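Encoded as structure tokens, the structure appears first; notes follow it.
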Amino acid sequence: MHHLCTLSIFYEIQKEICVACFSCPVLSVQEVNGVREYVINDERGMIFNVVHSLIASTTTCSCKDFDRVGLVCRHMFVVFKDLKLHNIPADFVLSRWCKNSIIKPMYDIGDTVFGQCVTNEERKLHVNRLWSDIHCCVAIIEDKPNLFVQFAQLIKEQKTILLSSQHHSAHVTSKNSTIQQFCGATAPSEVNVLPPQQARNKGCGKRLKGGKEVAIQSKKKLRLCRTCNEMCHHDRCNCPMNKSA
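Using the working numbering, the first residue of the sequence shown is number 8, and each one after it goes up by one.
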């Protein structure tokens, strides 16, 4: 396992195996129709159920550590020990924790980028040989204009043939297609989920008054005029009767 995983992940797996061997007793085992269920008590006193299918060779644990992190938990190692497995099944060795997923050289040829694991050297060898042949041809015809033009025309023809055969125009990825491929879903034709309305959370947070209520409250109060003896908006100094007199 040490030659596949990184050093930190290897130590983490070692820790889980030690806990599974010495601190996780099996409380009960039941088998029904080729499905074996283990009830395991771990070192923290918590009880978990591990289900192993003898037919499909699948193992699931109620702690969901493998689903969340991608590493085999101590409870599943107890089951592997009971099954007398000497190696972790390949289904439980995810590439995200392997050394090969970290070291991935990229080879750029024109507008095409190849990504590969460091253990696969075949493509790298072919790419290097191809570039060597191209540079050799260019060095031979560099001082021969006629051959240089013919070679350039030949390269253009081959490029056109390759692009037409692969339908290059149909495979040009746009920003939307890249996002759709990353998210695993396409954008819907109709958007039903909209952003919420902007909240009025500024100020002291008092109740908002309506226009009618504001108009009523902003209306001037009536007062008694001593000249005309009426409740109005003027006083004795501004009474129209004084002006008329």
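Don't be surprised by glycine CBs; every beta carbon is placed ideally from N, CA and C.
Values in this document were obtained by computation on a predicted structure and should not be read as measured data.
Buried versus exposed call for residue i [16 or more other C-beta atoms within 10 Å across all chains shown]
{"i": "Glu23", "result": "buried"}
{"i": "Trp104", "result": "buried"}
{"i": "Thr193", "result": "exposed"}
{"i": "Thr66", "result": "buried"}
{"i": "Ile16", "result": "buried"}
{"i": "Val198", "result": "exposed"}
{"i": "Ile20", "result": "buried"}
{"i": "Cys190", "result": "exposed"}
{"i": "His133", "result": "exposed"}
Residue of the options minimising C-alpha distance to residue i
{"i": "Ala63", "options": "Lys216, Arg43, Lys209, Ile54", "result": "Arg43"}
{"i": "Pro32", "options": "Val46, Glu19, Ile20", "result": "Val46"}
{"i": "Arg75", "options": "Leu101, Ala97, His93", "result": "Leu101"}
{"i": "Asn94", "options": "Leu11, Ile54, Gln187", "result": "Leu11"}
{"i": "Gly77", "options": "Ala97, Val58, Val86", "result": "Ala97"}
{"i": "Cys70", "options": "Phe29, Phe55, Ser139, Met248", "result": "Phe55"}
Spatial neighbours of residue i in its chain, beta-carbon cut-off 7 angstroms, leaving aside the 5 residues before and after
{"i": "Ile84", "result": "It is Phe, not Ile, that sits at residue 84 in the sequence shown. Closer than 7 angstroms at Cβ, skipping near neighbours: Glu23, Ile24, Ala27."}
{"i": "Cys232", "result": "Cys239, His241, Asp242, Arg243, Cys246"}
{"i": "Lys227", "result": "His240"}
6 angstroms Cβ shell around residue i - same chain, five flanking residues per side excluded
{"i": "Arg81", "result": "Glu23, Val26, Ala27, Cys31"}
{"i": "Phe99", "result": "Val79"}
{"i": "Phe155", "result": "Ile148"}
Residue i - partner residues in DSSP beta bridges
{"i": "Met238", "result": "Leu231"}
{"i": "Cys12", "result": "Cys105"}
{"i": "Ile223", "result": "The partner list for Ile223 (beta bridge, DSSP) is empty, contrary to what the question assumes."}
{"i": "Asn56", "result": "Val46"}
{"i": "Val36", "result": "Tyr45"}
{"i": "Cys68", "result": "Val57"}
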